[in-house]
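Read top to bottom, the protein sequences are chains A and B.
Okay, so the first sequence: first residue is 0 according to numbering that gives the first Met the number 0, each after it adds one.
Okay, so the second sequence: first residue is 0 according to numbering that gives the first Met the number 0, each after it adds one.
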Amino acid sequence: MSDNLLTVKNLKTYFFTASGVSKAVDGVSFALNKGETMGIVGESGSGKSVTASSIIRLLPKIGKIVEGEINFEGRQILDLNKKELLNFRGKDIAVIFQDPMTSLDPVFKIGSQMVEMICAHQDVSKEEARKMAVEALKKVGIPQPEKRMDSYPYELSGGMCQRVIIAMAVCCKPKMIIADEPTTALDVTVQAQVLELLQELQDEMDTSILLITHNLGVVWKMCDTVMVMYAGKTVEYARSERLYEKPLHPYTWGLLDSMPKLSDTVKGELKAIPGVPPDLRLTGQCCNFYNRCPYATEICSKEVPPLLEVEEGHFVACHRQNQQEKLVRGEVNANE
Amino acid sequence: MPMSDKKVIMKVRNLTKEFKIRSKKLGEKPQILHALSDVSVDIYEGETLGIIGESGCGKSTFGKCLVQLHQATAGSVEYEGRQILGMKKDELKKIKRDIQMVFQDPFSSLDPRMTAGKLVEEPMVAHKIITDKKERSQRALELLKTVGLDVQHVHRYPHEFSGGQRQRINIARALALNPKLIVCDEPVSALDVSIQAQVLNLFNELQKEYNLTYVFISHDLSVIKHISDRIAIMYLGRIVELCDAESIYANPLHPYTKALLSAIPPESPFDKRERIVLSGEIPSPIGDQVGCPLAKRCGSCMERCKKEMPQLKDRGDGHQVACFLYE
Chain A
0 MSDNLLTVKN
10 LKTYFFTASG
20 VSKAVDGVSF
30 ALNKGETMGI
40 VGESGSGKSV
50 TASSIIRLLP
60 KIGKIVEGEI
70 NFEGRQILDL
80 NKKELLNFRG
90 KDIAVIFQDP
100 MTSLDPVFKI
110 GSQMVEMICA
120 HQDVSKEEAR
130 KMAVEALKKV
140 GIPQPEKRMD
150 SYPYELSGGM
160 CQRVIIAMAV
170 CCKPKMIIAD
180 EPTTALDVTV
190 QAQVLELLQE
200 LQDEMDTSIL
210 LITHNLGVVW
220 KMCDTVMVMY
230 AGKTVEYARS
240 ERLYEKPLHP
250 YTWGLLDSMP
260 KLSDTVKGEL
270 KAIPGVPPDL
280 RLTGQCCNFY
290 NRCPYATEIC
300 SKEVPPLLEV
310 EEGHFVACHR
320 QNQQEKLVRG
330 EVNANE
Chain B
0 MPMSDKKVIM
10 KVRNLTKEFK
20 IRSKKLGEKP
30 QILHALSDVS
40 VDIYEGETLG
50 IIGESGCGKS
60 TFGKCLVQLH
70 QATAGSVEYE
80 GRQILGMKKD
90 ELKKIKRDIQ
100 MVFQDPFSSL
110 DPRMTAGKLV
120 EEPMVAHKII
130 TDKKERSQRA
140 LELLKTVGLD
150 VQHVHRYPHE
160 FSGGQRQRIN
170 IARALALNPK
180 LIVCDEPVSA
190 LDVSIQAQVL
200 NLFNELQKEY
210 NLTYVFISHD
220 LSVIKHISDR
230 IAIMYLGRIV
240 ELCDAESIYA
250 NPLHPYTKAL
260 LSAIPPESPF
270 DKRERIVLSG
280 EIPSPIGDQV
290 GCPLAKRCGS
300 CMERCKKEMP
310 QLKDRGDGHQ
320 VACFLYE
């Protein structure tokens, strides 16, 4: 099970804007195994979605991958030409975007959108493609799939639209699915249905899933490994059980603490992380979390912490979590 | 704490809101969308009443009916013993000072052409509370400080603030008139978790300081449970369960509540809970309903559920539920 499907090494994607270079992704490394699910968590602006679009090289014009390596089944994605890329997207990697209502074209019927997609990637006739589309819709649990083929997106609810998009994604049997906040726009009961559907499809087709979310609960439900991002950098990367039991980075602690829990019995104060995330044009000089971190020391304001493997499979980027020092949660600046 | 000892600040009885939907065909009768049907609840002074439900269940309509942004079709809303539905405009304006609202989207609820200071002053101007300009800007600054902003922020425009800061301005605006009751319509759902925690803490602090009453609307059960004293669960325009925040988690009664709880993502990777599946989605609120609104999706649906509408009934301990299973 531990065959690497996708390896990303030190990926850096910068946006060259009029007001300066914004380091949207500034050093992200991870590996995704076959048949596994990896979660990327972080706040808005932490570079989760840009990482995903970098992998499929679907960046806006001002965005450029300036450094790094993306390896998919031994192929260097950054070296692919246009034609190879077209084949790679959709066929090898499918993407499910956040907002189901806007990722379908409102002026075309669902059926014709699906047929178009299938014909673009596979050498089949329109009739065959239509059959495949109906089959896929049936698979994702849409009632009366033949009838729904002639519906327009506005006639379906958000949950149903998301199912259609998932059906489109699985049509070509991709090796990997990137799901960018697939359930954020949905209600909890529908969210649970959609997540379970993704899990079922994964079991059936042995696909890998890269799940981008800001909801840690979704991660616990779905993911084998988790990467926590902050201001464009990987700050922690581990198996999800381990990250829950023994998180090491102060930002991860803050993230875990600031979520209100259903099982809490006391109505106390939430431990919020003070301050706001930094301006991405100014990051990269020191630890990005330095100004919000209660454990920060002098070195944190001077050097960028490297991503180190502290224990097997558990990576963390913190000056105070390495061979020399082991920071304990809750002990603020014990060494000073 | 026995609720009966507390003063009821707002008494809502049989509140109903219907929207007419114009028919596509000429001459056909308009259809009726039942956004709120027969909602009755007492809101006690100093408490936080959480309202939760999926989209389209009428929770925002409920909030807007309380602050009179929607005219209710039927029912009554009593504020401190006075009926406010159908009240004359000038009388209502006085009462509106006491009932304020914080909206969901911090990006569209602030006028982009006004500075933070002016935004906070605006309600004071509208209600002619402080007429002296200097005094007013002084008060605006005080308010901004209460919500965690600073002198340097007074002259900035909304686009210069982050989502969390904007929501703070919104809260300052709501506080400007010294309200007693604030209706918060999804005030934290547009914010990131770390910022959400800051704003939730702010809500709690302000409540202690000014003895505010909140009606807190959200679709996130863990947020609602954290901030509320009592929780009302809404489904298709009705309250199906109403109880204190603890019992909702410890002892949920209504099948919908149970399903909602089981659908919430786990708190840890080891938390493997049993899912109670509600098949399908919320039915359309358009047209007349017969029977329990959940009947088609409910696992324990009986014959009776399809014909009669269960009423919200107190089970003796303040735990109210609208389900035939408990009758």
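Where a beta carbon is used, it is the ideal one built from N, C-alpha and C, also for glycine.
Since we're looking at a predicted model, the values are computed, not measured.
- Going by C-alpha positions, A:G267 is about 12 Å away from A:S257.
- Listed along chain A are P259, each with a C-beta nearer than 7 Å to that of B:V222.
- Counting C-beta atoms within 10 angstroms of its own C-beta, A:L84 has fewer than 16 neighbours from the protein chains shown and is therefore classed as exposed.
- Among the residues facing chain B, A:L279 is not included, as its CB has no counterpart in that chain under 8 Å away.
- One Cα belongs to B:D37, the other to A:L185, and the distance between them is close to 27 Å.
- Identification of chain A residues near B:S193 by a Cβ-Cβ cut-off of 7 Å yields E42, G253, L254, S257, A271, I272, ordered along the chain.
- The alpha-carbon of B:Y209 is positioned some 9 Å away from that of B:G45.
- Following the DSSP letters along the chain, one finds A:V309 inside the beta strand (DSSP E) bounded by residues 307-310.
- Between A:E324 and A:Y294, the alpha-carbon positions lie close to 12 Å from each other.
- Remark: fewer than three beta-carbon pairs, one from each stretch, lie closer than 8 Å, so the segment 202-220 of chain B and the segment 149-166 of chain B are not flagged as touching.
- In this structure A:P305 is exposed. Its beta-carbon is surrounded by fewer than 16 other beta-carbon atoms within 10 angstroms.
- Taking a C-beta distance under 8 Å as the contact criterion, A:T188 and B:L259 qualify as a contact pair.
- Contact check for B:L176 and B:I128: beta-carbon distance about 6 Å, within the 8 Å limit, so the pair qualifies.
- Proximity to A:G231 across A:G329, A:C171, A:S53 peaks at A:S53, based on C-alpha coordinates.
- Counting C-beta atoms within 10 angstroms of its own C-beta, B:S278 has fewer than 16 neighbours from the protein chains shown and is therefore classed as exposed.
- Here A:T251 is not near A:V275, since their CB atoms are 8 Å or more apart.
- Here B:M301 is exposed, its C-beta having fewer than 16 other C-beta atoms within 10 Å.
- Looking at the DSSP output, A:L209 shares a beta bridge with A:M37, A:I177.
- The Cβ of A:A30 sits no closer than 8 Å to any Cβ of chain B.
- Scanning its chain for C-beta atoms nearer than 8 Å, with the 5 sequence neighbours on each side dropped, one finds around B:G290 the residues C304, K305, K306, E307, M308, in chain order.
- Counting only runs that start and end inside the segment 101-151 of chain B, the alpha helix (DSSP H) elements of at least 4 residues fall at 115-125, 132-145.
- Legend: CB atoms of the segment 206-218 of chain A lying less than 7 Å from CB atoms of chain B belong to residues H213, N214, G216, V217.
- Residues F96, I164 of the same chain have their beta carbon placed closer than 7 Å to that of A:S102, with the five preceding and five following residues left out of the count.
- Look at B:F61 here: in three-state DSSP terms it is helix.
- Per DSSP, the continuous beta strand (DSSP E) segment holding A:G19 begins and ends at 19-32.
- Per DSSP, the unbroken alpha helix (DSSP H) holding A:T188 starts and ends at 187-204.
- Interface residue (Cβ-Cβ distance to chain A less than 8 Å): B:S54 is classified as such.
- When C-alpha distances from B:A249 are compared across A:K245, A:T36, A:S262, the shortest belongs to A:S262.
- Partner residues in the beta bridge of A:K63, as assigned by DSSP, are A:Y13.
- Closest in alpha carbon position to A:K47, among A:S239, A:W219, A:K22, is A:K22.
- Distances from the alpha-carbon of B:F269 to those of A:P259, A:M221, A:F288 put A:M221 closest.
- Interface flag for A:Y236 against chain B is unset, since no Cβ pair is found closer than 8 Å.
- The three-state secondary structure of A:E68, taken from DSSP, is strand.
- Cα atoms of B:L201 and B:G163: separation of roughly 11 Å, rounded to the nearest angstrom.
- A:Y229 counts as buried, since at least 16 other C-beta atoms from the protein chains shown sit within 10 angstroms of its C-beta.
- Proximity of A:E154 to chain B, defined by a Cβ-Cβ separation below 8 Å, is not satisfied.
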